[in-house]
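For what it's worth, my numbering labels the leading residue of the sequence shown as 96, then goes sequentially. Backbone N, C-alpha and C define an ideal beta-carbon position, used for all residues, glycine too. Take a look at the structure below.
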Amino acid sequence: MNRATLIRLLLIPALSIPTAMVEASSQNVWKDGINYIAINSDAMDNQNNHPYEIESKKLARILSHIKIESKDKKSLTSLISFDSEKKVIRVFTAKEIDVLAQGISKALEQSKKNEVVTFSVSDFRNVYFGDKRLSISGTAFIKNENLNLLFGEIHVDFHKKYVRSGQGVSNSRFASNVELSNFKLSTGNTSKEQDHDWQLKVFSGANSVNNRSDWLSINLAQQYDYQESQAQTEVIQNKYLSESQKAQQVQQPSDIEERLKRLEAATATTAATASKTPTESVDSVEARLRKVKALYEDGIIPESVYLQKMNAIISEL
């Protein structure tokens, strides 16, 4: 055997390794630009409890509890929080929770024991003095009947990550959509924890895996409420509220009813002490109608209470 033949034989196994890695199966369940939810084979573990059925509502409630705190006060994670004293912030926006809850639920039902669900989502967040689109990436799988959430990146600038990775850029500043579409953020590594400026917060039912700051194991036997965001711009996801939370919402109109009764009593007292001319009597009714309408338009009372009150006032005419 000559030297050239020997070199070729030695190179064959080395060259075949990356080819096998590239051909690892990946199936998109959902994709929108740089955002995606996919099923990927995991060669390191084939003992996941897959396929697994979990309601999107339960997933949404769990995702609403995921929070981080910054390790460094000068980090981007700290700057996203709206004041310097607030160290713990919510990971997902309501929009991201909605997408992930439905996508991960569907993907887990289709996954096999040797597969995991990977994801990358993004939304606008308040950073510095304006909104900026930031991305979150990670892996989800069921192990020992617990939901495992392993994060690769949280609240990062996707474009900057692309440029800093050394990937090619068509011009000096911005990558094209085609270039970005072939780039993926890290979805976490089960073997080794990556270096981050944030750490996940544990909560009731959730524990860190191997004392890692990027990996949570969440008990699916426990019941969770949907934690509403403190951001005033986010719409409450009523469809994800637990039964106890819905019951509390039903009780709220009774409190509003009491306040309306006091308001009506005060209006009636004022009208009684005033001159009882027909014109003033009409003005009193109109004032009450305007008041109820204002309460409805400001979101203080629901539509059912608004219609009930309006009909009651009109029936007095």
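Ignore the nearest five residues each way along the sequence and tell me which others in residue i's own chain have a CB closer than 7 Å to its CB.
i	result
Q294	I163, E164, K166 and S308
S136	A119, S120, N209 and E210
A202	V124, I132, I134 and V212
L245	G233, T234, G283, T285, D309 and W310
Q322	S159 and H160
When we look at the beta-carbon of residue i and count the other beta-carbons within 10 Å, is it buried (16 or more) or exposed?
i	result
S200	buried
S232	buried
A360	exposed
V273	exposed
E248	buried
A389	exposed
D290	exposed
D226	exposed
K296	buried
S299	exposed
S215	buried
N406	exposed
Could you name the residues of the same chain whose beta carbon sits closer than 6 Å to that of residue i, not counting the 5 residues immediately before and after it, in chain order?
i	result
G198	V124, W125 and I132
K207	H145
L242	I313 and L315
T282	T213, S232, G233, T234 and G247
N141	K208 and N209
Y147	L203 and I237
Distance, Cα to Cα, residue i vs residue j?
i	j	result
T374	V380	Note that T374 scores a pLDDT of 47, beneath 50, so its modelled location is shaky and nothing firm can be said.
E288	E240	23 Å
Q317	Q343	20 Å
F278	I134	17 Å
I237	Q205	12 Å
S410	I395	23 Å
Q340	R220	27 Å
F253	Q122	22 Å
N130	I184	22 Å
Y401	G261	59 Å
N306	L229	26 Å
V186	I161	6 Å
D127	N302	31 Å
H250	A189	15 Å
S324	Y257	30 Å
D320	S337	5 Å
S151	A196	5 Å
L280	K404	54 Å
L311	R259	28 Å
S217	S276	14 Å
V194	K255	24 Å
V304	I149	21 Å
N143	E398	47 Å
V377	K153	Residue confidence for V377 is low, a pLDDT of 46 falling below 50, so the modelled location carries little weight; the figure read from the coordinates is stated next. Using only the alpha carbons, I get a separation of about 52 Å.
S271	K182	35 Å
Quick one: residues in its chain with C-beta nearer than 8 Å to the C-beta of residue i, no 5 flanking neighbours on either side, listed in chain order?
i	result
I408	V380, R383, L384 and V387
I192	A155, L158, S159, Q332 and Y335
Task: Those runs of the beta strand (DSSP E) which lie wholly inside the region 188-227 and span at least 3 residues - done: 210-222
Task: alpha helix (DSSP H) runs wholly inside the region 279-314, at least 4 long, in chain order - done: Considered as a whole, the region 279-314 harbours no complete run of any alpha helix (DSSP H) with no fewer than 4 residues.
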